[in-house]
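Asker:
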Ligand SMILES: [Zn+2]
Ligand SMILES: [Zn+2]
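Residue numbers (the numbering used here): 110 to 350.
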């Protein structure tokens, strides 16, 4: 078996450490690659999972970060996104991996995250109240350019049905805009015509995307889903930048 990231052979021996400390075994990637990924842990923002260890205290408001505080203060956005869970810190190693995955089309890379994505999902949701899975869509133009939607590839790792119920129109890159411009411009997301919209009523929805940066994309997508009156809208993202 070879590491999906560096292609070196993986030591298959399961150590005592794994058996007794129940630390997860990640057979998709080698120990060296695994050690370069920084899992988010410890105290973090209750809404966006930003680690507080890297955030100066003046940007914290009790259990939420300053950004989330501003979102929640804005009546138009209060409670739109119940909670985002990010798995890794967006460090240089992950940045490079995601660039390889998204822009250079190395689609196999996504499989390296299978164990992490699945176990985070199990931690977040109980078997009895599984959410509807909605990957953040790409615009048709971007999808054509890239050949696949990275959010959809991540969602497929869960091996559960996927509800592609959002569409996205082509817009400029959000990161080039100021916060005010981002918030006040029209959302690029639209809900598709559904035959059975009532099935989402009072049920949880889980948005999937690769990165949580400003939180604008996920909140706009969440807002497009609110006519379905879901119980809550969560998001699972691979990285928190
Ligand atoms: Zn490796
Ligand atoms: Zn936050």
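Don't be surprised by glycine CBs; every beta carbon is placed ideally from N, CA and C.
Taking just the CA atoms, how far does residue 289 sit from residue 136?
Answerer: In the chain shown, residue 136 corresponds to position 27, counting from 1. In the chain shown, residue 289 corresponds to position 180, counting from 1. The straight-line gap from Cα to Cα measures roughly 44 Å.
Asker: Does the beta-carbon distance from residue 157 to residue 193 come in below 8 Å?
Answerer: On the chain shown, position 48 is the one that residue 157 refers to. On the chain shown, position 84 is the one that residue 193 refers to. For residue 157 and residue 193, yes; Cβs fall inside 8 Å.
Asker: The beta strand (DSSP E) with residue 314 in it runs from where to where?
Answerer: Sequence index remark: in the chain shown, residue 314 carries index 205 (1-based). Its beta strand (DSSP E) spans residues 313–321.
Asker: My assumption, with CB atoms under 8 Å, is that residue 262 sits in contact with residue 219. Please give the rounded CB distance.
Answerer: By 1-based counting over the chain shown, the position of residue 262 is 153. By 1-based counting over the chain shown, the position of residue 219 is 110. Yes, they are in contact, since the Cβ atoms of residue 262 and residue 219 sit about 5 Å apart, within 8 Å.
Asker: Considering only residues of the same chain and omitting the five flanking positions on each side of residue 149, which have a CB-CB separation below 8 Å?
Answerer: On the chain shown, position 40 is the one that residue 149 refers to. Excluding positions up to five away in sequence, the list reads 158, 160, 195, 196, 197, 198, 349.
Asker: Let's see if you can read the secondary structure: which residues bound the beta strand (DSSP E) around residue 192?
Answerer: Here residue 192 is taken as the residue at index 83 of the chain shown, counted from 1. That run of the beta strand (DSSP E) goes 192–198.
Asker: Based on DSSP bridge pairs, tell me the residues matched to residue 144.
Answerer: The sequence position of residue 144 within the chain shown is 35, counting from 1. Looking at the DSSP assignment, residue 144 forms no beta bridge with any residue, so it has no partner.
Asker: Where does the unbroken alpha helix (DSSP H) through residue 210 begin, and where does it stop?
Answerer: Residue 210 sits at position 101 when you count from the first residue of the chain shown. Per DSSP, residue 210 belongs to the alpha helix (DSSP H) from 201–211.
Asker: Taking residue 217 as the reference, which of 225, 227, 206 has the closest Cα?
Answerer: On the chain shown, position 108 is the one that residue 217 refers to. Closest option to residue 217, Cα to Cα, is 206.
Asker: Output the boundary residues of the alpha helix (DSSP H) element that contains residue 252.
Answerer: Stepping through the chain shown from its first residue, residue 252 is reached at position 143. It spans 249–255 - the alpha helix (DSSP H) in which residue 252 sits, taken as one unbroken run.
Asker: Can you tell me whether residue 346 is buried or exposed, with buried defined as 16 or more other CB within 10 angstroms of its CB?
Answerer: Taking the first residue of the chain shown as 1, we reach residue 346 at position 237. So residue 346 ends up on the buried side.
Asker: How about residue 174: is its Cβ closer than 7 Å to a heavy atom in ligand 2?
Answerer: Taking the first residue of the chain shown as 1, we reach residue 174 at position 65. Yes, Cβ of residue 174 sits closer than 7 Å to a heavy atom of ligand 2.
Asker: Per DSSP, what kind of secondary structure is residue 261 in: helix, strand or coil?
Answerer: Here residue 261 is taken as the residue at index 152 of the chain shown, counted from 1. Residue 261 falls in the helix class under three-state DSSP.
Asker: Cα separation between residue 234 and residue 253?
Answerer: Here residue 234 refers to the residue found at position 125 when the chain shown is read from its first residue. Here residue 253 refers to the residue found at position 144 when the chain shown is read from its first residue. Each residue's alpha carbon lies about 33 Å from the other.
Asker: Going by DSSP, what residues sit across from residue 160 in a beta bridge?
Answerer: Taking the first residue of the chain shown as 1, we reach residue 160 at position 51. According to DSSP, which records beta bridges pairwise, residue 160 is partnered with 153.
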